[in-house]
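Notes follow once the structure below has been shown.
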Amino acid sequence: MENKPEPKKQNAILIFLEELIRPSSSPKGRRRGVSQAILIPVLALFTGLVIGAIFIILTSEEVYAGFGKSFGAGLAASWNSVASAYSALFTGSLGDPPVIFSALQSGDAMAIKKAFNPILESLVAATPYIFASLGVALGFRSGVFNIGAEGQLYMGAIFSCVVGYSLTGLSPWVHIPLAMGAGALGGALWGFVPGWLKAKTGGHEVINTIMMNYIAYNLSTWLLSGPMRRPGEYNPISPNIQPSAMLPNFFGPPTRFHLGFFIALGMAVLVYWLLFKTTWGFELRTVGSNPKAARYAGMNIVVVTIVGMTLSGALAGMAGANEVLGVNHNLALSFSSGYGFDSIALALLGKNNPFGVVLASLLFGTLRNGATKMQVVSGVPIYIISILQAIILAFIAAPAIIRTIYRLRAPKEGEEVLSVRGWGGG
Amino acid sequence: MAPLLELRGITKRFPGVLANDHINLTLNQGEIHALLGENGAGKTTLMNILYGLYQPDEGEIYVRGSLVKVHSPIDAIKAGIGMVHQHFMLIPVFTVTENVMLGEEPLRPGGLLDRASVVKAIQEISSQYSLAVDPLAMVRDLPVGVQQRVEIIKLLYRKADILIFDEPTAVLTPQESDELFKIMRSLTEQGKSIIFITHKLREVLEVADIITVIRRGAVIGSTIPADANQNKLAAMMVGREVQLELEKTPAKVGDVVLDVKDLVVSDDLREIAVDKVSFDVCGGEILGIAGVQGNGQTELVESLTGLRDIVAGKVTLLGEDVTHGQPRQITELGAAHVPEDRQRDGLVLSFPIIDNLILNTYYDPPYSRGILLQEDAIRKEGETLVKEFDIRTPSALLSASSLSGGNQQKVIIARELSRPIRLLISSQPTRGLDVGSIEYIHKQILAKRDAGTAVLLVSTELDEILELSDRIAVMFRGKIVATVPAEKATKEYIGLLMAGVHPDQLEPPTETKKVSITF
Numbered sequence: 120m121e122n123k124p125e126p127k128k129q130n131a132i133l134i135f136l137e138e139l140i141r142p143s144s145s146p147k148g149r150r151r152g153v154s155q156a157i158l159i160p161v162l163a164l165f166t167g168l169v170i171g172a173i174f175i176i177l178t179s180e181e182v183y184a185g186f187g188k189s190f191g192a193g194l195a196a197s198w199n200s201v202a203s204a205y206s207a208l209f210t211g212s213l214g215d216p217p218v219i220f221s222a223l224q225s226g227d228a229m230a231i232k233k234a235f236n237p238i239l240e241s242l243v244a245a246t247p248y249i250f251a252s253l254g255v256a257l258g259f260r261s262g263v264f265n266i267g268a269e270g271q272l273y274m275g276a277i278f279s280c281v282v283g284y285s286l287t288g289l290s291p292w293v294h295i296p297l298a299m300g301a302g303a304l305g306g307a308l309w310g311f312v313p314g315w316l317k318a319k320t321g322g323h324e325v326i327n328t329i330m331m332n333y334i335a336y337n338l339s340t341w342l343l344s345g346p347m348r349r350p351g352e353y354n355p356i357s358p359n360i361q362p363s364a365m366l367p368n369f370f371g372p373p374t375r376f377h378l379g380f381f382i383a384l385g386m387a388v389l390v391y392w393l394l395f396k397t398t399w400g401f402e403l404r405t406v407g408s409n410p411k412a413a414r415y416a417g418m419n420i421v422v423v424t425i426v427g428m429t430l431s432g433a434l435a436g437m438a439g440a441n442e443v444l445g446v447n448h449n450l451a452l453s454f455s456s457g458y459g460f461d462s463i464a465l466a467l468l469g470k471n472n473p474f475g476v477v478l479a480s481l482l483f484g485t486l487r488n489g490a491t492k493m494q495v496v497s498g499v500p501i502y503i504i505s506i507l508q509a510i511i512l513a514f515i516a517a518p519a520i521i522r523t524i525y526r527l528r529a530p531k532e533g534e535e536v537l538s539v540r541g542w543g544g545g
Numbered sequence: 003m004a005p006l007l008e009l010r011g012i013t014k015r016f017p018g019v020l021a022n023d024h025i026n027l028t029l030n031q032g033e034i035h036a037l038l039g040e041n042g043a044g045k046t047t048l049m050n051i052l053y054g055l056y057q058p059d060e061g062e063i064y065v066r067g068s069l070v071k072v073h074s075p076i077d078a079i080k081a082g083i084g085m086v087h088q089h090f091m092l093i094p095v096f097t098v099t100e101n102v103m104l105g106e107e108p109l110r111p112g113g114l115l116d117r118a119s120v121v122k123a124i125q126e127i128s129s130q131y132s133l134a135v136d137p138l139a140m141v142r143d144l145p146v147g148v149q150q151r152v153e154i155i156k157l158l159y160r161k162a163d164i165l166i167f168d169e170p171t172a173v174l175t176p177q178e179s180d181e182l183f184k185i186m187r188s189l190t191e192q193g194k195s196i197i198f199i200t201h202k203l204r205e206v207l208e209v210a211d212i213i214t215v216i217r218r219g220a221v222i223g224s225t226i227p228a229d230a231n232q233n234k235l236a237a238m239m240v241g242r243e244v245q246l247e248l249e250k251t252p253a254k255v256g257d258v259v260l261d262v263k264d265l266v267v268s269d270d271l272r273e274i275a276v277d278k279v280s281f282d283v284c285g286g287e288i289l290g291i292a293g294v295q296g297n298g299q300t301e302l303v304e305s306l307t308g309l310r311d312i313v314a315g316k317v318t319l320l321g322e323d324v325t326h327g328q329p330r331q332i333t334e335l336g337a338a339h340v341p342e343d344r345q346r347d348g349l350v351l352s353f354p355i356i357d358n359l360i361l362n363t364y365y366d367p368p369y370s371r372g373i374l375l376q377e378d379a380i381r382k383e384g385e386t387l388v389k390e391f392d393i394r395t396p397s398a399l400l401s402a403s404s405l406s407g408g409n410q411q412k413v414i415i416a417r418e419l420s421r422p423i424r425l426l427i428s429s430q431p432t433r434g435l436d437v438g439s440i441e442y443i444h445k446q447i448l449a450k451r452d453a454g455t456a457v458l459l460v461s462t463e464l465d466e467i468l469e470l471s472d473r474i475a476v477m478f479r480g481k482i483v484a485t486v487p488a489e490k491a492t493k494e495y496i497g498l499l500m501a502g503v504h505p506d507q508l509e510p511p512t513e514t515k516k517v518s519i520t521f
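So the sequence lines, in the order shown, correspond to chains A and B. Counting from 1, position 393 in the first sequence corresponds to residue 512 in this note's numbering; the numbering is continuous, with no gaps. Counting from 1, position 245 in the second sequence corresponds to residue 247 in this note's numbering; the numbering is continuous, with no gaps.
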């Protein structure tokens, strides 16, 4: 080994991009792959918005009224409803540039806070997505299909809430990690059970995690109507957590942007480190990619599977803890609107790479936050956003659709692999 | 008269690769035309074009002088072209008749299946081409050789005139292969024509009327068996002189490394697959296990490497009882395992080559410290091994899936042989590989044996067993029916043992015959 080139440190974003495109033998194919890795999500978003617009038009009463008068009026009404909906979506999720500008000029702290609040709210909405989809992604990497993120999230919320309100007189330096850890523990427990069942008995984790979801959800209902109900309260809601357990809010009301977002980013780094830099991660990924080869290589599949599912649950549990400790400060019935289920899609969208998962979560947090404003301002049902999200996901998950619509050429992966197999032979 | 089939200037490009380069091929009626080439030479691509699975970029196909466009296998069948795939396309739980009629079911009035007419047709085809088969037998109950006959009958039932045989002898015993060659001749005598794809030189010389050699996507030349010999054909295939016979020094047999006593192992269906098998392997020798696929070899190897539970018996490795040993314990005692199915067990295809090279040593220094992977060490070691074992790849960081079969196998060989080992268990080490890779891997195995490693070689390729082994054990239906010293083993003798003939019924070969080595 004379004159060896400096080993290139493997960089996370690079790995993500490489996985998006997979190594392709010809430079031309690789270039096409890279551009499509960016182009396809963008086109999917665009196509989703176009189809969403059609739904907005079809569900708008003004449009029908307009067409009742004249064709021109109908078109104008269509344009108006779409434009108002999408501008509300934009300003609701990222902020209104003129408002931001004037707030900055006025120098009024409250005005600035309010102007930036939409984008901060988007980050708040993205945070539980990051936690939960990191969990699902870690599960996928270790070969378990964790449909149970929702239940694990509930368990995390219950555990952290109990620790949050029942312990008093603690310093936040102790109380927050304790409450967050309790959330992780709750989720971990709910991941461990199906993980153990899969590894030991072969019971399929998809079925078992779904069942565990029901148990967690109904357990929370029972707890809130009995043991955990706020004293003197008739509604099923828990006591508020101690201020010492609350995740610090950086800017104060009316903003809700809190420490949880950075904890989530920290977890993304941690998951990346675990998966790609440690022997444990090597085992998780080997079992996830080829369990037979993992067994051949002497890895303990039982242990690795249980660990994978447990860690996956712990991360989902932290999503629940995050909502309790950072946003709601108590536990109420049905507090999660399907974060756990959405996170399955987000893990896939992010190609199970921690940083891809963060980007996907930011996108969906933004859409979800903007949707609320869109509903308020233009009366477009919030369900339109769900439809939009579904369409975008479907397009990204099945790039062939987007390629067909926009006449993109496929990277010809299958044929390449085949020819490489046939040809590299020495 | 125009030839039956003519391929003119067939060219197929895959990105970065010319898989078929202006290939011309002519098949006359009643002819067996052998297409000889290494794996990856472009034989399969060419046949997939002929069978309508790929479209050529250039070139034309003529059948009986008229241009045909083959867009799908349906077009191919219409043009009278049929293919016997390497992996049979049969439904095991259907009868022969049902498999033959599948896709072209004749109906009786009222929409009921007309099995009787198909049975009759099969019987006619059977007797016409001496393809003995029971039309009412369930396919899963038939031996492999007979299943292949069913595939052939399927084509004849569909009135195919041009039959493509894709590596048909890969799954057969020598005797079954001879049987197949008789069938092929009987087919051509009655006017059918055959394209015979293979990489086995002996078979080509035995059965073909004309031989076309393909290398790197281009036709190198055609010849007839009378003008050819194995060395000449091998050189044409590979593009250089190939050492067909390995230089092998006599074994310096050392102490017993692996001792197996009365081993009983069951298969996935909990039926006895290995039945009271006993043998030992000493340092410095190669014990070959011969046998037709599916006679318990897979289960035997899995049980010895800790991948399958042992029902009864005892396995001792270097004096330690490993009867219920875990894979890692057995590996750490100094055993290496080249698994039968490299893609299923031996590699993580989505991982980079360097990660595959440390698949069972990742937890040891220098590849890790504590739980931290040492990326620089992994990379450096990986690149060294890629060079040392001649793994052909632009970069050691590419995924294992980007490699050819031969190079994937070299990754496993590199990983297993670069460690200090006392026992090498090698199962089908060269299955599906090209001549060059086979030559290389055989040399590596012999080098390990000469360095004092005990080698257990399991292979269904009898030639490979005969070439490498110092002793040969023959497995049939889970039992070792005989163990023969290599110098007394002949192809015919071992072949009959493999087919289940009891050793007492055989004249043991007295005279030492020179073993001819073929690929």
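The C-beta atom is built at its ideal place from N, Cα and C for all residues, glycine as well.
**Prompt:** So which residues of chain B does Ser408(A) contact, with C-beta pairs closer than 7 Å?
**Reply:** Here residue 408(A) corresponds to residue number 289 of the first sequence, with the count starting at 1. Those within 7 Å of Ser408(A) in chain B are Val350, Ser352, Phe353.
**Asked** Alpha carbon to alpha carbon, what distance is there between Ala484(B) and Asn358(B)?
**Response** Position 356 of the second sequence, counted from the start, is the residue given in the question as residue 358(B). Position 482 of the second sequence, counted from the start, is the residue given in the question as residue 484(B). Rounded to whole angstroms, Asn358(B) to Ala484(B) spans 38 Å at the Cα level.
**Minimum C-alpha distance to Met386(A) - residue among Tyr353(A), Gln271(A), Gly345(A), Asn472(A)** = If you number the first sequence from 1, residue 386(A) lands on position 267. Comparing Cα-Cα distances from Met386(A) to each of Tyr353(A), Gln271(A), Gly345(A), Asn472(A), the minimum goes to Asn472(A).
**Request:** Could you spell out where the beta strand (DSSP E) holding Ala172(B) opens and where it closes?
**Result:** Position 170 of the second sequence, counting from 1, holds the residue named residue 172(B). Where Ala172(B) is concerned, there is no enclosing beta strand (DSSP E), given that its DSSP letter is neither H nor E.
**Asked** If you draw a straight line from the C-alpha of Arg204(B) to the C-alpha of Ala449(B), how long is it?
**Response** Counting from one through the second sequence, the residue named residue 204(B) turns up at place 202. Counting from one through the second sequence, the residue named residue 449(B) turns up at place 447. Looking at the two C-alpha atoms, the distance is approximately 27 Å.
**Request:** Specify, as a first and last residue, the run of the beta strand (DSSP E) that Ala337(B) falls within.
**Result:** Translated into the one-based positions of the second sequence, residue 337(B) becomes position 335. 337 to 340 is the extent of the beta strand (DSSP E) around Ala337(B).
**Message:** Please tell me whether Gln328(B) has its Cβ less than 8 Å away from any Cβ of chain A.
**Reply:** As a position in the second sequence, residue 328(B) is number 326, starting the count at 1. So, interface residue.
**Asked** Mind checking whether Leu361(B) and Ala412(A) have CB atoms under 8 Å apart?
**Response** Counting from 1 along the second sequence, the entry for residue 361(B) is found at position 359. Counting from 1 along the first sequence, the entry for residue 412(A) is found at position 293. Against a cut-off of 8 Å, the Cβ pair of Ala412(A) and Leu361(B) comes out as a contact.
**Prompt:** What did DSSP end up calling Asp506(B) once you bin it into helix, strand or coil?
**Reply:** Here residue 506(B) refers to the residue found at position 504 when the second sequence is read from its first residue. The answer is helix: DSSP assigns Asp506(B) an H, G or I state.
**Request:** Within the same chain, show all residues whose beta-carbon is closer than 7 Å to that of Ser370(B), passing over the 5 residues directly before and after it, in chain order.
**Result:** Translated into the one-based positions of the second sequence, residue 370(B) becomes position 368. Only residues of its own chain outside the window of five on either side were considered, and among them Tyr364, Gln376 have a CB closer than 7 Å to the CB of Ser370(B), listed in chain order.
**Message:** Quick check on the DSSP output: the alpha helix (DSSP H) that includes Ile51(B) runs from which residue to which?
**Reply:** On the second sequence, residue 51(B) is found 49 positions in, with the first residue counted as 1. Here the alpha helix (DSSP H) through Ile51(B) covers 45 to 52.
**Prompt:** On the three-state DSSP scale, how would you describe Val240(B)?
**Reply:** In the second sequence, counting from the first residue as 1, residue 240(B) sits at position 238. Val240(B) falls in the helix class under three-state DSSP.
**Message:** I want to see whether chain A comes within less than 8 Å of Asn22(B), judged by CB atoms only; does it?
**Reply:** Here residue 22(B) refers to the residue found at position 20 when the second sequence is read from its first residue. No - not a single Cβ of chain A is within 8 Å of the one on Asn22(B).
**Prompt:** Leaving out five residues before and five after Pro126(A) in sequence, what residues of the same chain have Cβ atoms less than 8 Å from its Cβ?
**Reply:** In the first sequence, residue 126(A) corresponds to position 7, counting from 1. The predicted model places Pro126(A) with a pLDDT of 42, which falls under 50 and marks its position as unreliable; any figure quoted below should be read in that light. Correct list: empty, nothing qualifies.
**Prompt:** Below 8 Å between beta carbons: does that hold for Lys232(A) and Phe370(A)?
**Reply:** In the first sequence, counting from the first residue as 1, residue 232(A) sits at position 113. In the first sequence, counting from the first residue as 1, residue 370(A) sits at position 251. Taking 8 Å as the Cβ cut-off, Lys232(A) and Phe370(A) qualify as a contacting pair.
**Rounded straight-line distance, which links the Cα of Met331(A) to that of Val489(A)** = Along the first sequence, read from residue 1 onward, the residue named residue 489(A) stands at position 370. Along the first sequence, read from residue 1 onward, the residue named residue 331(A) stands at position 212. Contrary to the premise, residue 489(A) reads as Gly rather than Val in this sequence. The straight-line gap from Cα to Cα measures roughly 32 Å.
**Message:** I want to verify the contact list: residues of chain B whose CB lies under 7 Å from the CB of Ala401(A), in sequence order.
**Reply:** Counted from its first residue, the first sequence places residue 401(A) at position 282. Just to set this straight, residue 401(A) is Phe in the shown sequence, not Ala. Tyr364, Leu375, listed in chain order.
**chain B contact residues for Thr405(A), given Cβ-Cβ distances below 8 Å** = Indexing the first sequence from 1 puts residue 405(A) at position 286. One finds Val350, Phe353, Leu361 in chain B with Cβ atoms closer than 8 Å to the Cβ of Thr405(A), taken in chain order.
**Message:** For the segment 374 to 396 of chain A, list every residue whose C-beta sits within 7 Å of some C-beta in chain B, in sequence order.
**Reply:** Residues passing the 7 Å Cβ filter: Lys396.
**Request:** Establish whether the CB of Ser420(B) and some CB of chain E are separated by less than 8 Å.
**Result:** In the structure shown, chain E cannot be found, because the protein chains are A and B.
**Item:** Minimum Cβ-Cβ distance from Leu309(B) to chain A less than 8 Å
**Value:** Reading the second sequence from its first residue, position 307 is the one you call residue 309(B). Cβ-Cβ to chain A under 8 Å: yes for Leu309(B).
**Item:** Contacts that Lys411(A) makes with chain B (C-beta to C-beta distance below 7 Å)
**Value:** Walking along the first sequence from the start, residue 411(A) turns up at place 292. The contacting residues are Arg346, Asp347.
**Request:** Between the Cα of Ile216(B) and those of Thr47(B), Phe478(B), Ser68(B), Lys194(B), spot the shortest distance and give me the residue it belongs to.
**Result:** Here residue 216(B) refers to the residue found at position 214 of the second sequence. If we check each option's Cα against that of Ile216(B), Thr47(B) comes out closest.
**Request:** Can you tell me which of the three DSSP states Lys14(B) falls into?
**Result:** Indexing the second sequence from 1 puts residue 14(B) at position 12. Note: Lys14(B) maps to strand in three-state DSSP.
**Between the CA atoms of Pro487(B) and Val283(B) - distance to the nearest angstrom** = The count along the second sequence starts at 1 and reaches residue 283(B) at position 281. The count along the second sequence starts at 1 and reaches residue 487(B) at position 485. When rounded, the distance between both Cα atoms is 13 Å.
**Prompt:** How would you call Asp264(B), buried or exposed, if buried means at least 16 neighbouring beta carbons within 10 angstroms?
**Reply:** As a position in the second sequence, residue 264(B) is number 262, starting the count at 1. Exposed is the label assigned to Asp264(B), since fewer than 16 other Cβ atoms lie within 10 Å of its Cβ.
**Item:** Neighbouring residues, chain B, relative to Thr398(A) (Cβ below 7 Å)
**Value:** For this step, residue 398(A) is matched to residue 279 along the first sequence. The answer, in chain order, is Tyr364, Tyr365, Ser370, Ile373, Leu375.
**Message:** Just to check my reading of the structure: Ala276(A) and Leu450(A) have Cβ atoms closer than 8 Å, yes? What is that Cβ distance to the nearest angstrom?
**Reply:** Counted from its first residue, the first sequence places residue 276(A) at position 157. Counted from its first residue, the first sequence places residue 450(A) at position 331. At roughly 6 Å, the Cβ-Cβ gap stays under 8 Å, so Ala276(A) and Leu450(A) are in contact.
**Message:** Quick check on Arg526(A) - is its C-beta less than 8 Å from some C-beta in chain B?
**Reply:** The sequence position of residue 526(A) within the first sequence is 407, counting from 1. Output row for Arg526(A): interface = no.
**Message:** Short of 7 Å in beta carbon distance, which residues of its chain neighbour Leu309(B), apart from the five on each side in sequence? Order them along the chain.
**Reply:** Locating residue 309(B) in the second sequence gives position 307, where the first residue counts as 1. Around Leu309(B): Pro329.
**Request:** Go through its chain and collect everything with a Cβ distance to Val437(B)'s Cβ below 8 Å, but skip five positions before and after it.
**Result:** On the second sequence, position 435 is the one that residue 437(B) refers to. Apart from sequence neighbours up to five positions away, the residues of its chain that approach Val437(B) with a beta-carbon distance below 8 Å are Glu40, His201, Ala236, Met239, Val240, Val244, Phe521, ordered along the chain.
**Message:** Please classify Arg142(B) as buried or exposed, where buried requires at least 16 neighbouring CB atoms within 10 angstroms.
**Reply:** In the second sequence, residue 142(B) corresponds to position 140, counting from 1. The residue in question, Arg142(B), is exposed, as its Cβ has fewer than 16 Cβ neighbours within 10 Å.
**Asked** Cβ of Pro170(B) less than 8 Å from any chain A Cβ?
**Response** Counted from its first residue, the second sequence places residue 170(B) at position 168. Not closer than 8 Å to any Cβ of chain A, the Cβ of Pro170(B) fails to qualify, so no.
**Request:** Using beta-carbon positions only, say whether Gly293(B) and Thr492(B) come within less than 8 Å of one another.
**Result:** Indexing the second sequence from 1 puts residue 293(B) at position 291. Indexing the second sequence from 1 puts residue 492(B) at position 490. Annotated as distal: Gly293(B) and Thr492(B), with beta-carbon spacing of 8 Å or more.
**Message:** With the cut-off set at 8 Å, would you say Leu403(A) and Arg526(A) are in Cβ contact?
**Reply:** Start at 1 with the first residue of the first sequence, and residue 403(A) comes out as number 284. Start at 1 with the first residue of the first sequence, and residue 526(A) comes out as number 407. No, Cβ-Cβ distance for Leu403(A) and Arg526(A) is not below 8 Å.
**Near-chain B residues of the segment 413 to 445 of chain A - C-beta to any C-beta below 9 Å** = Taking 9 Å as the upper bound on Cβ-Cβ separation, chain B lies near residues Ala413, Arg414, Tyr415, Ala416, Gly417, Met418, Asn419 of the segment 413 to 445 of chain A.
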